[in-house]
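J.: Please find one structure pasted underneath; my questions will follow.
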Amino acid sequence: MKKISPFLWFDTQAEEAMNFYVSLFKNSKVLGVSRGPDGKAFSVTFELDGQEFMGLNAGPRFKFNESISFFVNCENQAEVDELWNKLTADGGEESMCGWLKDKYGLSWQIIPKALGELMGDPDPVKAQRVTQAMLQMRKIDVAGLQRAYDGQ
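Residue numbering for the sequence shown follows our numbering, starting at 2 and increasing by one per position.
Written as structure tokens, this is what we have:
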């Protein structure tokens with residue numbers, strides 16, 4: 002077990018969510034499921050691309066909110082599109098600037114590495130155009146960012 006792991010409170014869907022997340026990310030796996038006397042999952046541990054997570058079925062008292070999100074650094078637009086579509090499916094919600102909530106209410110930032118590269122340009126005019134373009138987007142569009150960067 003890693004020294005620090007995100008711990009996620011679910012109502013009753015910890016095992017379902019774990020299996021969903023593991024299916025989305027390469028190098029991911031289920032590490033364990035602890036079951037109660039009724040056979041239902043009580044807690045789960047899993048790994049997403051090397052990051053360990055824990056989940057607990059603890060009832061409806063607490064819900065996820067945007068104050069915590071998981072940032073996913075995507076290589077390209079294809080990876081952004083795939084994760085965005087899968088995470089917003091079946092009740093997920095799009096938000097602004099690359100943020101979304103999945104069907105369990107967990108917030109994610111699905112961000113292409115190009116965003117940081119273009120926003121980090123030493124030319125403040127180009128960087129500002131990219132920032133302004135990003136602020137108008139829901140899912141980040143790399144081609145749109147590039148057009149803004151190029152002044153088109």
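No residue lacks a Cβ here, since even glycine has one placed at the ideal position from N, Cα and C. A quick note: this is a predicted structure, and the numbers were derived from the prediction, not measured.
Use the C-beta contact count for Ser108: other C-beta atoms within 10 angstroms, 16 or more gives buried, fewer gives exposed.
T.: Buried, because 16 or more other Cβ atoms sit within 10 Å of the Cβ of Ser108.
J.: Find out if the Cβ-Cβ distance for the pair Ala18, Leu57 is shorter than 8 Å.
T.: No, Cβ-Cβ distance for Ala18 and Leu57 is not below 8 Å.
J.: Is it a yes or a no for the segment 136-152 touching the segment 98-106, going by three-plus beta-carbon pairs under 8 Å?
T.: Yes: at least three Cβ pairs fall under 8 Å.
J.: Taking the alpha carbon of Ala134 as the point to measure from, which residue in Lys87, Leu116, Asp122 has its own alpha carbon closest?
T.: With distances taken between Cα atoms, Ala134 lies closest to Leu116.
J.: Assuming Asn1 contacts Pro113 (C-beta within less than 8 Å), just tell me the rounded distance between them.
T.: Nothing about residue 1 can be read from this structure; the chain reaches only from 2 to 153.
J.: Measure the alpha-carbon distance for Arg148 versus Phe65 and round it to whole angstroms.
T.: Those two C-alpha atoms are separated by around 35 Å.
J.: In the structure shown, what three-state DSSP assignment does Met120 receive?
T.: Helix.
J.: Helix, strand or coil: which one does DSSP assign to Pro62?
T.: The sequence shown places Arg at residue 62, rather than the Pro named in the question. Correct three-state label for Arg62: coil.
J.: Which residues mark the beginning and the end of the alpha helix (DSSP H) in which Ser24 is found?
T.: Segment 15-25, the alpha helix (DSSP H) holding Ser24.
J.: If you follow the beta strand (DSSP E) that Pro113 is in, where does it begin and where does it stop?
T.: 108-113 is the span of the beta strand (DSSP E), which, as asked, contains Pro113.
J.: With a 10 Å radius around its C-beta and 16 neighbouring C-beta atoms as the bar for buried, classify Asp91 as buried or exposed.
T.: So Asp91 ends up on the exposed side.
J.: Thinking just about the alpha-carbon of each residue, which of Asp124, Phe71, Val131, Thr46 is nearest to the one in Gly106?
T.: The shortest Cα separation from Gly106 among Asp124, Phe71, Val131, Thr46 belongs to Phe71.
J.: Ile111 to Val81, Cα distance in whole Å?
T.: Approximately 6 Å between the Cα atoms of the pair.
J.: Closer than 8 Å by C-beta to Ala128: which residues in its own chain qualify, once you throw out the five before and the five after it? Chain order, please.
T.: Excluding residues within five positions, the ones whose Cβ falls inside 8 Å are Leu119, Met120, Gly121, Asp122.
J.: So which of Gly60, Val34, Lys3, Glu53 has the shortest CA-CA distance to Phe11?
T.: The shortest C-alpha separation from Phe11 is found at Gly60.
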